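Visitor: Quick one: the structure is below, and I'll ask about it shortly.
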Amino acid sequence: MSAHTPQAMHADHHRWSEDNAAWRDDLRAWEHETHEAELSLGHIRTALKHHLQSLQQHAAAIRLYEQASEQHEHALAQAAQGDVDAAATRHGSNHQAEAKQHGELKLTHEHIKQQHHARIAAVRTLLKALEIPG
């Protein structure tokens with residue numbers, strides 16, 4: 007603050023009035039942005055639900071793959087013991103299909119892993135930014 011002359015105090019009040027107007031403009035913009043962000047929370051919730059569904063679908067695909075692989079392994083063990091039926095003699099073609107499925111699951115898993123890490127990191131960053139200091 008400058009000297010306490012009427013002119014100096016008038017100049018201070020003018021500058022402060024300009025600051026107040028700028029602060030009000032900032033607050034209007036921030037309120038709008040916060041409202042938009044609040045509306046976006048529904049989209050975020052929906053995206054996380056879809057992500058959870060994809061995790062569950064991937065887990066189910068892995069379980070089915072594991073069951074088929076165990077059945078194939080069992081057929082191979084029976085064939086090694088001489089207990090060969092028509093299904094077990096096709097173990098070569100079954101193994102090729104199994105290898106293809108394994109490769110597809112591996113690629114899917116890596117893709118989901120990258121998505122998961124990015125999404126959870128974004129959520130954690132948001133939560134940390136919203137922490138209110140105690």
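Numbering (our numbering), first residue to last: 7 to 140. Ideal Cβ positions, reconstructed from N, Cα and C, are used throughout, including at glycine. This structure is a prediction, so every number in the text was calculated from the model and none was measured.
(1) Quick check on residue 10: does DSSP put it in helix, strand or coil?
(2) Restricting to Cα atoms, I'd like to know which of 81, 48, 116 and 111 is closest to residue 99.
(3) For a quick check, are the C-beta atoms of residue 60 and residue 126 less than 8 Å apart?
(4) So, helix, strand or coil for residue 59, using DSSP?
(5) Express the C-alpha separation of residue 110 and residue 47 in angstroms, rounding to a whole number.
(6) Return helix, strand or coil for residue 137, following the three-state DSSP convention.
Guide: Checking against the coordinates, here is how it stands:
(1) Along the sequence shown, one-based indexing puts residue 10 at 4. Coil at residue 10, not helix or strand.
(2) Counted from its first residue, the sequence shown places residue 99 at position 93. Ranking the options by Cα distance to residue 99, first place goes to 81.
(3) Reading the sequence shown from its first residue, position 54 is the one you call residue 60. Reading the sequence shown from its first residue, position 120 is the one you call residue 126. Between residue 60 and residue 126, the C-beta spacing is not below 8 Å.
(4) Here residue 59 is taken as the residue at index 53 of the sequence shown, counted from 1. Helix.
(5) By one-based count along the sequence shown, residue 47 stands at place 41. By one-based count along the sequence shown, residue 110 stands at place 104. Rounded to whole angstroms, residue 47 to residue 110 spans 33 Å at the Cα level.
(6) By 1-based counting over the sequence shown, the position of residue 137 is 131. The answer is coil: DSSP assigns residue 137 none of H, G, I, E or B.
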